[in-house]
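Participant: In the numbering used here, the protein residues as written are 1228 to 1424. Where is the CB? At the ideal position from N, CA and C, for every residue including glycine.
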């Protein structure tokens, strides 16, 4: 029987991306698929680690089932690391990518040093124990959105070593280098070495 993990998110784009990365090694269930579509997950920490831990703990305390949560931040050097933990709600409304991108690009008007990075922290609760996994990808912010794929800030982020944004790159390439992919591969390797041998 395939091992199952609940992903503490209501973002269907993230669930699809995660499932494509883990392949058939694990079945990833969203909050909705697990029957908790209306569960509100607080993000009140000042760190990615704290937010990921907080969301995973809320879900685990409710279900008692193995689960994981992640928090991702876009850190722009010219903006002193902003939007950081406020990445998803940078423009005020949680999960409005167009508004977030517009605010980011407006704040970077005239800025030539556009280096940035995405960081993802995953908090996994497995058999009552908490584990953390982190992934980082360096890159730069474009002056205009480019591409129609991906989600979030993908149209304005070009990963180091490439000339295309995450929104332009094929999903299979993004899955090999993205911040979320790095953290997920670390989690999968851990699960396979410790639990799923």
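In angstroms, rounded to a whole number, what distance separates the CA positions of residue 1291 and residue 1246?
Facilitator: Each residue's Cα considered, the two are about 22 Å apart.
Participant: Given residue 1342, which residues of its chain have a CB within under 7 Å of its CB, disregarding the five upstream and five downstream residues?
Facilitator: Excluding residues within five positions, the ones whose Cβ falls inside 7 Å are 1304, 1367.
Participant: For residue 1358, write down the residues that DSSP places opposite it in a beta bridge.
Facilitator: Per DSSP, 1351.
Participant: Quick one, are the C-beta atoms of residue 1346 and residue 1406 less than 8 Å apart?
Facilitator: Cβ distance < 8 Å, so residue 1346 and residue 1406 count as in contact.
Participant: Pull the bridge partners of residue 1298 from the DSSP assignment, please.
Facilitator: In DSSP, residue 1298 forms a bridge with 1348.
Participant: Going by the DSSP bridge assignment, what does residue 1343 pair with across the sheet?
Facilitator: Answer is 1303, 1366, bridged to residue 1343.
Participant: Starting from residue 1385, trace the alpha helix (DSSP H) in both directions and tell me its first and last residue.
Facilitator: Looking at the DSSP string, residue 1385 is not in any alpha helix (DSSP H); the run it does join, the beta strand (DSSP E), is 1384–1386.
Participant: I'd like the span of the beta strand (DSSP E) that includes residue 1417, first residue to last.
Facilitator: Not the beta strand (DSSP E): residue 1417 falls in the alpha helix (DSSP H), residues 1406–1421.
Participant: If we count Cβ pairs, one from each stretch, closer than 8 Å, do we get three or more for the stretch 1351–1364 versus the stretch 1332–1340?
Facilitator: Judged by Cβ distances under 8 Å, the stretch 1351–1364 makes no contact with the stretch 1332–1340, as fewer than three pairs qualify.
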